[in-house]
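S.K.: Start counting the sequence shown at 99; every next residue gets the next number (the numbering used here).
In this text, a Cβ means the ideal position worked out from N, Cα and C, and glycines have one as well.
Right, I'll just put the structure down here and ask away after.
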Amino acid sequence: MPSNSAGPLVGVRVVDLTAMVMGPYCTQIMADMGADVIKVEPPDGDDTRYISVGPARGMSGVFVNVNRGKRAITADLRSDSGKAALRALVEQADVFIHSMRSKAITRLGFGYSEVAAINPGIVYTNCYGYGRHGPNRDLPAYDDTIQAACGLPFVQEQLTGEANYVGTILADKVAGLTALYATMMALFHRERTGEGQEVEVGMFETMASFMLVEHANGAMFDPPLGPAVYPRTVAPNRRPYRTSDGYIAALIYNDKHWAAFVNAVRPPWANGCYATLEGRAREIDTVYARLAETIAQRTTKEWLELFRELEIPASPLSSPAALFDDPHLNAVGFFETVATPAGPVRFPGVPTWFSRTPGRVAGPAPELGAHTAEVLDELGLGVEADIAE
């Protein structure tokens with residue numbers, strides 16, 4: 099059972115048939131918030147078990163992080179015994195979530211209609227690459243292809259001069275968070291009405307929505323008032339500023355920050371059309387270039403001290419490795435060290451805070467099939483049942 103007995107999802111049981119990152123990231127957060135997440139894997143396991151380094155085979159760093167605190171069973175869902183075990187799990191579940199293509203989950207006999215016939219109150223979440231009502235519904239999808247489809251490499255090309263992916267699996271993680279909030283909304287509806295329902299989250303649709311928050315811009319209007327791009331974010335000179343001894347990130351953006359900067363530094367060029375946010379927005383790339391010339395004249399430390407004094411948003415450049423030693427993260431207790439069979443693991447923890455029902459790292463990630471016997475016993479199927487073949 100989950101080690102977090104205080105989280106807001108205590109008492110919620112999740113049957114998790116997701117793999118890779120989108121779905122597992124969603125259900126990892128559920129586990130950290132107290133849900134009993136039962137990860138159902140094929141006999142060979144989730145491919146993510148094998149994609150990066152880890153202390154033991156099948157326990158890669160990526161897998162360990164997004165599957166922490168879950169219970170794992172192995173089941174061959176093509177077999178009668180595997181199907182019977184999954185049906186028994188469905189009977190006791192609040193959430194059923196999968197990341198198979200629609201044809202595949204239906205072929206196995208666990209489409210929404212079949213699952214709802216067993217448990218009408220269940221929240222059934224489909225995690226797809228593309229929504230099943232469009233022509234791309236049967237296309238395979240990974241983070242790179244979805245980044246390309248939603249326009250990320252295009253805007254990176256506007257920014258840097260070369261089409262590139264961003265340096266994180268952004269589509270997987272944004273879609274995972276979307277699947278989480280969609281599932282929670284459906285659970286909230288069930289709490290009020292008793293009604294279960296089917297939920298669908300497509301990575302492509304999610305990322306199209308995400309990208310168009312700012313990049314829809316003038317193209318939203320009829321007739322269009324400008325291109326579908328937000329100029330500030332793709333300005334070629336939008337980059338960390340080089341100082342006399344390194345780099346610094348700063349956003350001298352609104353009129354309050356701009357006035358404070360100009361009064362303190364008095365750059366000779368900062369007048370006329372640059373005096374208002376509207377004027378600076380029209381000339382944003384030139385503004386970035388002028389700021390770069392000015393900021394290059396002092397050290398990173400000098401600028402950071404000034405920006406902090408003026409309450410201008412600024413930060414030195416960091417790295418993922420440096421986050422483990424970040425003073426702020428350590429002061430707020432962000433990292434949690436968990437004992438595992440392979441030794442202690444220092445997990446990045448729960449980024450949210452609750453006054454009454456706090457989340458916490460739910461526990462170590464499970465080895466392949468580690469809880470099969472335990473879960474079968476809870477279901478009354480007998481620990482000798484062979485569901486993996």
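1. Does the ligand COA have a heavy atom nearer than 6 Å to the CB of G344?
2. Starting from E391, follow the beta strand (DSSP E) in both directions and report where the run begins and ends.
3. Pick from E434, L323, G370 and T438: whose alpha carbon is nearest that of V448?
4. Could you give the C-beta distance for A347 and A412, rounded to a whole number, given that I count them as a contact under 8 Å?
5. Secondary structure at V448, three-state DSSP: helix, strand or coil?
6. Within 10 angstroms of its Cβ, does S417 collect 16 or more other Cβ (buried), or is it exposed?
7. May I ask you to list the residues that DSSP assigns as paired with F194?
8. Determine which residues share a DSSP beta bridge with R169 and list them.
9. So the candidates are R199, A284 and V311; which of them puts its Cα closest to the Cα of L250?
10. Contact between the stretch 183-201 and the stretch 158-169: three or more CB pairs below 8 Å?
11. With H, G and I counted as helix, E and B as strand and the rest as coil, what does DSSP make of R406?
12. With the cut-off set at 7 Å, would you say R380 and Y372 are in Cβ contact?
13. Let's see if you can read the secondary structure: which residues bound the beta strand (DSSP E) around T341?
14. Determine the burial state of F319: buried for a count of at least 16 other Cβ atoms within 10 Å of its Cβ, exposed for fewer.
15. May I have the straight-line CA-CA distance separating C248 from D475, to the nearest angstrom?
16. Would you mind working out which of T223, Y240 and A468 sits nearest A269, comparing C-alpha positions?
17. In angstroms, rounded to a whole number, what distance separates the CA positions of E303 and I485?
18. Hey, out of L375, T341 and A117, whose CA is closest to N224's CA?
19. How far does the alpha helix (DSSP H) with I350 in it reach, from first residue to last?
20. Please say whether N352 and L375 have beta carbons closer to each other than 7 Å?
M.R.: In short:
1. Questions concerning the ligand COA fall outside what the structure shown contains, since it holds no ligand whatsoever.
2. Element bounds for E391: not the beta strand (DSSP E) but the alpha helix (DSSP H), I382 to I393.
3. Closest option to V448, Cα to Cα, is E434.
4. 6 Å
5. coil
6. exposed
7. V113 and Y222
8. I136
9. Answer by Cα proximity: V311.
10. no
11. helix
12. The answer is no: Cβ separation not under 7 Å.
13. Looking at the DSSP string, T341 is not in any beta strand (DSSP E), and its letter there is neither H nor E.
14. exposed
15. 46 Å
16. Of T223, Y240 and A468, the smallest CA-CA separation from A269 is found for Y240.
17. 36 Å
18. A117
19. Taken as a continuous stretch (DSSP letters only), I350 belongs to no alpha helix (DSSP H), as it is neither H nor E.
20. yes
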